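Numbers 42 to 460, taken from the working numbering, label the letters of the sequence shown in order. Backbone N, C-alpha and C fix where the C-beta goes; we use that ideal spot for every residue, glycine too. As the structure is a computational prediction, the values presented were derived from the model and not from experiment.
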Amino acid sequence: MNVKKFSAPTSREALRLLRDALGPDAVILSNRTLNGAVEILALAGEDMSSLAAPAVEREVQSETVLGAFSARRRVDSGQESAPASPDTVPAGEERGGNFNQLMSEIRSMRGMLETQLAEISWSGQQKREPIKASIMREMLATGFSASLARYLAEKLPENEKTQDGMNWIKSVLMRNLSTMGDENVIFEKGGVFALVGPTGVGKTTTTAKLAARCVMHHGAGKLALITTDGYRIGGYEQLRIYGKILGVMVHSVKDEADLRIALDELKNKHTVLIDTAGAGQRDQMVAEQVAMLSGADMPVQRLLCLPATSTGETLNEVVRAYRGNGLAGCIMTKLDEAATIGNVLDVIIRQKLNLFYVANGQRVPEDLHLARPSYLIDRAFKLKRETAPFRYQDEELPLVMANTAGLMNDKSLREVMLG
Ligand SMILES: Nc1nc2c(ncn2[C@@H]2O[C@H](COP(=O)(O)OP(=O)(O)O)[C@@H](O)[C@H]2O)c(=O)[nH]1
Ligand SMILES: [Mg+2]
């Protein structure tokens, strides 16, 4: 192992010499200007990593490197550089410990530097391209993810003014938000639909709202209701009351075999709605439920209830857990309670879910509406975070964006349709 010296008229030139000689992993020990020239002392990367090598070797190496570092201290304090005398060096094992600590500090400094460089390059861009920056800030304020905000801002057509830019972003988001479009798709075709999702997201309430719409379309005779939530106190009761009001029978099933029998009995019904027991997305029950619904003799189309009040991270986890062999679509619930809806729209867009309905209140059946992309995207930008603690300031934007660089190649982003 040896310390090498590189001299050149400029830092850039000296760094180039260093990199050519020692490669990209070289570790710089010191750097100073001497008689108008820049002088850098450096060590090859492999020399540094061999420091964490076996004990006997380590002892010999330690002295040399400690020598280099004490030499550095002298350079820094303006004294002449001279080799360290071995008697200033602590003994044996302790030195090995010091070097491991040194290495880990160097590694953590490298990480910090990388993040800071990304931040600096971002604040540079923010100044050069204020329109992109303001568009990203708007998107973040509506709850969209930093990575989608950055991806779209980077694809923004050249020379757009802020307003045109915002319109372009909205039109891209609308185009990528897939919705059912026409309610008759369900009502005319009919079939078996199961509402799934975590606890308390509005499955039972939404089942009742859908049941009421079905009854208005076809009359009560063509509809049947099933609940798999019969074993929780009140689970069955809640749906049974709605069934009674609508004049529709509610069947309670407890397992896959039960469900098969019930669906077989109800095969002459035009539409069957299944209200399921909620399970947290981290619960093993989710997989069992997907298996139960997929094991029926006729296709059961699963509709996932996504509450707009949850964070994007939580909703992403929910979709991953409930996706199974494919969801027919999703229903956004609790729109009325959400402070921002960019979070839920981001997940629906990136996970390419088909949004059937939006629920915006507890009233059955009034508070259920067909999903319309233009309304929802407009609404997203109206519901901006206005409360100071949750809003990003200009100078914080680089910090948020610094971590998105590695995500720009994400499949879910590349598949966003732009034109
Ligand atoms: N504000 C609001 N509340 C809702 C909405 N949908 C359901 N709820 C309420 O959320 C609570 C849980 O609903 P429930 O249907 O029992 O959820 P489940 O556990 O998924 O079946 C109930 O108090 C519902 O009235 C909605 O769209 N907006
Ligand atoms: Mg329920």
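Neighbourhood of T220 by C-beta distance below 8 Å, restricted to the same chain and skipping five residues each side:
On the sequence shown, position 179 is the one that residue 220 refers to. Result list for T220: N395, L396, F397, L411, A412, R413 and P414, in chain order.
With M207 as the anchor, note down where its alpha helix (DSSP H) starts and where it stops.
Position 166 of the sequence shown, counted from the first residue, corresponds to residue 207. It spans T203 to N217 - the alpha helix (DSSP H) in which M207 sits, taken as one unbroken run.
With a threshold of 7 Å, establish whether the CB of D270 neighbours any heavy atom of ligand 2.
Mapped onto the sequence shown, residue 270 falls at position 229. In this structure, D270 has its beta carbon less than 7 Å from a heavy atom of ligand 2.
Between the Cα of P348 and the Cα atoms of F234, G165, G243 and N43, which residue gives the shortest distance?
Sequence index remark: in the sequence shown, residue 348 carries index 307 (1-based). With distances taken between Cα atoms, P348 lies closest to G243.
How about G480: is its Cβ closer than 7 Å to a heavy atom in ligand 1?
With the chain covering only 42 through 460, there is no way to say anything about residue 480.
Please classify M153 as buried or exposed, where buried requires at least 16 neighbouring CB atoms within 10 angstroms.
For the purposes of this step, residue 153 is taken as the residue at position 112 of the sequence shown. Classification of M153: exposed, given that the 10 Å Cβ count is below 16.
What three-state label does DSSP hand K308 in the structure shown?
Position 267 of the sequence shown, counted from the first residue, corresponds to residue 308. Of the three classes helix, strand and coil, the one that applies to K308 here is coil, per DSSP.
Taking C-alpha atoms, which residue in V405, E155 and R73 lies nearest to S48?
Within the sequence shown, residue 48 is the residue found at index 7, counting from 1. Among V405, E155 and R73, the Cα nearest to that of S48 is on R73.
S335 to E155 span [Cα, whole Å]
Translated into positions along the sequence shown, residue 335 becomes position 294. Translated into positions along the sequence shown, residue 155 becomes position 114. Taking the straight line joining both Cα atoms gives about 48 Å.
Distance check for N208 and G460, CA to CA, integer angstroms please.
Along the sequence shown, one-based indexing puts residue 460 at 419. Along the sequence shown, one-based indexing puts residue 208 at 167. Whole-angstrom Cα-Cα distance: 13 Å.
Extent of the continuous alpha helix (DSSP H) to which T355 belongs
Counted from its first residue, the sequence shown places residue 355 at position 314. G353 to R364 is the extent of the alpha helix (DSSP H) around T355.
Just tell me which of D299, T183 and Y363 has its CA closest to the CA of A328.
Numbered from its first residue, the sequence shown carries residue 328 at position 287. Checked all of D299, T183 and Y363; the closest Cα to A328 is Y363.
Using a beta-carbon distance below 8 Å, is A67 in contact with chain C?
Reference to chain C is not applicable here, since this structure consists of a single protein chain.
Could you check what DSSP says for I69 in three-state terms: helix, strand or coil?
The residue given as residue 69 occupies position 28 in the sequence shown. I69: strand per DSSP, three-state reduction.
Cβ of K295 versus every heavy atom of ligand 2: is any distance shorter than 7 Å?
On the sequence shown, position 254 is the one that residue 295 refers to. Not under cutoff, so the answer is no.
Just to confirm, does E358 get its C-beta within under 7 Å of one of the non-hydrogen atoms of ligand 3?
Absence of ligand 3 is noted for the structure shown, with ligand 1 and ligand 2 being the only ligands found.
Would you list the residues sitting across from E80 in a DSSP beta bridge?
In the sequence shown, the residue the question calls residue 80 occupies position 39. E80 pairs with S48 and R73.
For my contact list, L63 and A85 are in at a C-beta cut-off of 8 Å; report their separation, rounded to the angstrom.
Here residue 63 corresponds to residue number 22 of the sequence shown, with the count starting at 1. Here residue 85 corresponds to residue number 44 of the sequence shown, with the count starting at 1. The pair is a contact, with the Cβ atoms about 4 Å apart (cut-off 8 Å).
Range of the contiguous alpha helix (DSSP H) that encloses Y272
Start at 1 with the first residue of the sequence shown, and residue 272 comes out as number 231. Looking at the DSSP string, Y272 is not in any alpha helix (DSSP H), and its letter there is neither H nor E.
Tell me the rounded alpha-carbon separation between V405 and G165.
Taking the sequence shown and counting its residues from 1, one reaches residue 405 at position 364. Taking the sequence shown and counting its residues from 1, one reaches residue 165 at position 124. Those two C-alpha atoms are separated by around 52 Å.
Considering only their Cβ atoms, is the gap separating A337 from R301 smaller than 8 Å?
In the sequence shown, the residue the question calls residue 301 occupies position 260. In the sequence shown, the residue the question calls residue 337 occupies position 296. Yes, these two residues count as a Cβ contact at 8 Å.
Assess contact between the region 449 to 456 and the region 188 to 195, defined as three or more Cβ pairs (one per stretch) separated by less than 8 Å. Is contact present?
yes
Look up I418 in the DSSP assignment and say whether it is helix, strand or coil.
Position 377 of the sequence shown holds residue 418. Correct three-state label for I418: helix.
Comparing alpha-carbon positions, which option in D270, S186, R254 and N309 lies nearest E224?
Residue numbering aside, residue 224 sits at position 183 when the sequence shown is read from its first letter. Selected option, being the one with the closest Cα: R254.
G276 beta carbon near ligand 2 (any heavy atom closer than 7 Å)
On the sequence shown, residue 276 is found 235 positions in, with the first residue counted as 1. Yes.
Taking L218 and L386 to be in contact with their CB atoms under 8 Å, please state how far apart those CB atoms are, rounded to whole angstroms.
Position 177 of the sequence shown, counted from the start, is the residue given in the question as residue 218. Position 345 of the sequence shown, counted from the start, is the residue given in the question as residue 386. Contact flag correct, Cβ pair sits at about 6 Å.
Reduced DSSP category for R53 - H, G, I as helix; E, B as strand; rest coil
On the sequence shown, position 12 is the one that residue 53 refers to. In this structure, R53 counts as helix in the three-state DSSP scheme.
Return the chain-ordered list of same chain residues with a C-beta closer than 6 Å to the C-beta of V331, the five sequence neighbours on each side being excluded.
Counting from 1 along the sequence shown, the entry for residue 331 is found at position 290. Only G365 meet the Cβ criterion.
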